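Here's the structure we're looking at; comments come further down.
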Amino acid sequence: MMDLWTAAQALILGIVEGLTEFLPISSTGHQIIVADLIDFG
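Under full-length UniProt numbering, the first residue of the sequence shown is numbered 1, with each subsequent residue one higher.
So this is what it looks like as structure tokens:
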């Protein structure tokens with residue numbers, strides 16, 4: 001079962017994806033940076 005921290009990380013990455021999707025640069029880059037900052041993977 002998914003623990004609370006994993007759910008919070010997924011929520012944060014989803015918010016980052018949604019906020020940066022419209023930019024003309026890669027939103028994947030933002031996800032990688034944020035994931036590194038929150039020690040997600």
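Glycine residues also receive a C-beta, built at the ideal position from the N, C-alpha and C atoms.
All of these numbers come straight from a predicted model, not from anything done at the bench.
Taking C-alpha positions only, Thr6 is separated from Glu21 by approximately 22 Å.
For the set Leu4, Ile12, Asp3, the Cα lying nearest the Cα of Leu37 is the one of Ile12. When DSSP states are grouped into helix, strand and coil, Ile38 belongs to the coil group. In the DSSP assignment, Ile15 falls within the unbroken alpha helix (DSSP H) covering 4–20.
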